[in-house]
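Numbering (the working numbering), first residue to last: 161 to 253.
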């Protein structure tokens, strides 16, 4: 278990807001396969039970979005939109 992951989990359990950068480090380690399933479970349980503040939520969302390939749509003329399905095939748009 990395010291970064230990510090993040300990802070969450204590109710402290994570230090800036700890969540992206955790996501990077997770994507690299350096985080055990038990650590992921502990993180998810802490977030579910204790919550995650706005800044940490934004940091987590950004880290997750950037954990893979990021597509660019700048060459298109106009806005890019997405309709996310709520489940079921054939949802009318």
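C-beta: ideal position from N, C-alpha, C; glycine also.
Residue 166 sits exposed, since fewer than 16 C-beta atoms from the chains shown fall within 10 Å of its C-beta. Between the region 175-190 and the region 206-218, the count of Cβ pairs shorter than 8 angstroms is three or higher; the stretches touch. Excluding sequence positions up to five before and after residue 233, its CB lies within less than 7 angstroms of the CB of 240, all in the same chain and listed in chain order. Taken atom to atom, the span from the alpha-carbon of residue 183 to that of residue 237 is near 35 angstroms. Looking from the CA of residue 162, the closest CA among 227, 171, 186 and 218 belongs to 186.
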